[in-house]
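Novice: The structure under discussion is supplied below as structure tokens; questions concerning it will follow.
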Ligand code: DSN
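In our numbering, the protein residues as written are 130 to 546.
Next up, the structure:
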């Protein structure tokens with residue numbers, strides 16, 4: 130059968146992929162949940178492993194022909210166990226939300242009580258927010274941050290946990306710029322008999338690289354995506370103590386999913402191998418140093434940052450004092466070649482689709498090899514954009530300067546002609 134390359138089989142899609150590679154090359158990627166998967170990860174994901182069905186687990190599959198897939202999945206599992214120092218790893222969740230949902234299915238019945246951080250405080254939808262299945266099928270209690278400093282309000286966490294006795298207590302966030310104190314969460318979970326679940330989707334690369342404290346030994350269950358600071362494919366993983374292994378595996382398959390995406394599993398294995406290197410440790414440290422450098426320079430320009438700064442890969446800018454909304458600013462930044470997402474700030478009086486802030490992160494720009502000098506230039510451009518929101522010529526001139534800087538720092542995994 131005729132088997133043409135994509136350029137011939139589907140020139141429209143081929144051209145869009147090419148344009149996307151160019152866009153990813155010539156713009157500064159500040160979306161805190163995005164990164165550039167290295168070439169080896171991309172090759173694993175786009176390999177023949179995509180063609181295989183493998184419902185079940187190694188040695189216990191429902192399809193034959195698993196001679197290679199079992200080894201791929203075992204390698205991914207063993208590498209993650211050794212990297213994070215955990216008893217068990219499940220690498221089959223399709224992404225972070227299914228990983229979290231599998232945890233609910235493993236331990237709760239509909240209507241049971243779960244506690245998590247509220248979305249407007251920086252939590253994730255799947256930590257029990259009301260529009261998510263996790264907030265409508267379960268009795269969800271949400272904690273937040275303090276009004277004065279926007280840090281997690283542990284007095285509130287403890288009070289709510291004592292009052293509602295959740296079966297699961299979620300910690301971890303998507304827009305929280307400070308370290309997560311896993312010890313404090315573990316103490317509260319222990320007191321009320323809850324299972325502590327640490328969702329480290331945003332920080333798993335920092336944890337693996339030693340740039341953020343690890344939840345291992347504190348949280349009995351740890352969930353994560355694999356594509357953010359971890360630099361792997363779009364996927365998910367669940368790490369847990371031996372005593373929860375059977376429940377977690379059963380909840381993922383056959384509880385929630387069918388066949389795992391084997392190309393993704395291989396990509397996770399490749400990323401886990403890379404995350405164990407000294408080079409990756411240096412990368413994780415640089416992400417945080419760049420994040421601090423960027424935050425410091427933004428503060429210098431009078432930007433207000435949620436919590437006043439950052440300890441991790443991200444920062445949330447409250448634009449109220451700049452007289453612009455998050456959406457308008459993010460759109461102007463995009464026209465200037467700087468890509469981020471608009472984001473609610475704690476106690477935001479504005480609606481989520483046009484909130485008061487933007488979220489920025491340094492995982493992707495650090496993967497390009499950028500350092501402190503580039504962070505200063507970036508913050509200066511961000512200030513220029515805030516002062517010239519409707520000046521298209523100015524935005525275009527910043528975009529040209531951004532492109533020039535990007536040309537000097539090629540991104541991993543991109544083929545740009
Ligand atoms: N919502 C994603 C993020 O950007 O953080 C995570 O699911």
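Glycine included, C-beta positions come from ideal geometry on N, C-alpha and C.
Taking 7 Å as the cut-off, is the beta-carbon of residue 420 closer than that to any non-hydrogen atom of the ligand DSN?
Specialist: Incorrect: residue 420 has no Cβ contact closer than 7 Å to the ligand DSN.
Novice: Specify the secondary structure class of residue 547 as computed by DSSP and reduced to three states.
Specialist: Any question about residue 547 goes unanswered here, given that the chain covers just 130 to 546.
Novice: Using the C-alpha atoms, what's the distance from residue 301 back to residue 287?
Specialist: If you take the alpha carbons of residue 287 and residue 301, they lie about 16 Å apart.
Novice: Flag residue 355 as yes when its Cβ comes closer than 7 Å to any non-hydrogen atom of the ligand DSN, and as no otherwise.
Specialist: Residue 355 Cβ: outside cutoff for every heavy atom of the ligand DSN.
Novice: Looking only at its chain, what residues have a beta carbon closer than 6 Å to the beta carbon of residue 444, apart from the 5 residues adjacent to it on each side?
Specialist: 306, 424, 434 and 489.
Novice: Is residue 185 near the ligand DSN - that is, is its Cβ less than 7 Å away from at least one heavy atom of it?
Specialist: Incorrect: residue 185 has no Cβ contact closer than 7 Å to the ligand DSN.
Novice: What did DSSP end up calling residue 309 once you bin it into helix, strand or coil?
Specialist: Correct three-state label for residue 309: coil.
Novice: Which residues bound the beta strand (DSSP E) around residue 245?
Specialist: 242 to 246 is the extent of the beta strand (DSSP E) around residue 245.
Novice: Is it buried or exposed, residue 468, if we count other Cβ atoms within 10 angstroms and call 16 or more buried?
Specialist: Buried: at least 16 other Cβ atoms inside 10 Å.
Novice: Take residue 258 and list the residues in its own chain whose beta-carbon comes closer than 6 Å to its own, dropping the five residues that flank it on each side.
Specialist: Hits under 6 Å: 248 and 264.
Novice: Does the ligand DSN have even one heavy atom less than 7 Å from the beta-carbon of residue 439?
Specialist: Because no heavy atom of the ligand DSN lies under 7 Å away, the Cβ of residue 439 does not count as near it: no.
Novice: Is the beta carbon of residue 225 within less than 7 Å of some heavy atom of the ligand DSN?
Specialist: Yes, the beta carbon of residue 225 sits closer than 7 Å to at least one heavy atom of the ligand DSN.
Novice: Sorted by chain position, which residues of the same chain lie with C-beta nearer than 7 Å to residue 275's C-beta, five sequence neighbours on each side aside?
Specialist: Only 282 meet the Cβ criterion.
Novice: Just verifying my parser: in three-state terms, what is the DSSP assignment at residue 280?
Specialist: Of the three classes helix, strand and coil, the one that applies to residue 280 here is coil, per DSSP.
Novice: List the endpoints of the continuous alpha helix (DSSP H) containing residue 206.
Specialist: Residue 206 -> alpha helix (DSSP H) spans 198 to 213.
Novice: Sorted by chain position, which residues of the same chain lie with C-beta nearer than 8 Å to residue 176's C-beta, five sequence neighbours on each side aside?
Specialist: Excluding positions up to five away in sequence, the list reads 392 and 395.
Novice: Count the other CB atoms within 10 Å of the CB of residue 188; is the residue buried (16 or more) or exposed (fewer)?
Specialist: By the 10 Å Cβ count, residue 188 comes out exposed.
Novice: Can you tell me whether residue 346 is helix, strand or coil according to DSSP?
Specialist: Coil at residue 346, not helix or strand.
Novice: Pick out the complete alpha helix (DSSP H) segments inside the stretch 404 to 434, 4 residues or longer, and give them in chain order.
Specialist: As far as the stretch 404 to 434 is concerned, its whole alpha helix (DSSP H) runs of at least 4 residues are 407 to 429.
Novice: Helix, strand or coil for residue 153 per DSSP?
Specialist: DSSP places residue 153 in helix when its eight states are reduced to three.
Novice: Which residue comes first and which comes last in the beta strand (DSSP E) that contains residue 444?
Specialist: It spans 443 to 447 - the beta strand (DSSP E) in which residue 444 sits, taken as one unbroken run.
Novice: Can you tell me where the beta strand (DSSP E) holding residue 269 begins and where it ends?
Specialist: Counting along the chain, the beta strand (DSSP E) containing residue 269 begins and ends at 268 to 272.
Novice: Output the boundary residues of the beta strand (DSSP E) element that contains residue 297.
Specialist: Unbroken beta strand (DSSP E) run through residue 297: 297 to 300.
Novice: Alpha helix (DSSP H) containing residue 518: first to last residue?
Specialist: Counting along the chain, residue 518 falls outside any alpha helix (DSSP H), and DSSP gives it neither H nor E.
Novice: Compute the beta-carbon to beta-carbon distance between residue 355 and residue 164, rounded to the nearest angstrom, for a pair I have assumed lies under 8 Å.
Specialist: Their Cβ separation, rounded to whole angstroms, is 10 Å, which puts residue 355 and residue 164 out of contact at 8 Å.
Novice: For the ligand DSN, is there a heavy atom less than 7 Å away from the beta-carbon of residue 144?
Specialist: No; taking the cut-off as 7 Å, the Cβ of residue 144 has no heavy atom of the ligand DSN nearer than that.
Novice: CB of residue 162 to nearest heavy atom of the ligand DSN: below 7 Å?
Specialist: Yes, since a heavy atom of the ligand DSN falls inside the 7 Å radius drawn around the Cβ of residue 162.
Novice: I need the straight-line Cα distance from residue 147 to residue 241, nearest angstrom please.
Specialist: Going from the Cα of residue 147 to the Cα of residue 241 covers about 48 Å.
Novice: List the endpoints of the continuous alpha helix (DSSP H) containing residue 453.
Specialist: Per DSSP, residue 453 belongs to no alpha helix (DSSP H) and is neither H nor E.
Novice: To the nearest angstrom, report how far apart residue 270 and residue 159 are at their CA atoms.
Specialist: Approximately 31 Å between the Cα atoms of the pair.
Novice: Taking the C-alpha atoms as reference points, what is the distance between residue 390 and residue 244?
Specialist: Roughly 30 Å separates the two Cα atoms.
Novice: Rounded to a whole number of angstroms, what is the C-alpha to C-alpha distance between residue 404 and residue 411?
Specialist: C-alpha separation (whole angstroms): 10 Å.
Novice: Say the cut is 7 Å; is the CB of residue 337 nearer than that to a heavy atom of the ligand DSN?
Specialist: Result no, Cβ not under 7 Å from the ligand DSN.
Novice: Helix, strand or coil for residue 474, going by three-state DSSP, please let me know.
Specialist: Correct three-state label for residue 474: coil.
Novice: Can you name, in chain order, every residue of its own chain whose Cβ lies under 8 Å from the Cβ of residue 521, other than the five neighbours on each side?
Specialist: Around residue 521: 464.
Novice: Within the present structure, is the beta-carbon of residue 279 separated from the nearest heavy atom of the ligand DSN by less than 7 Å?
Specialist: Flag unset: Cβ of residue 279 not near the ligand DSN.
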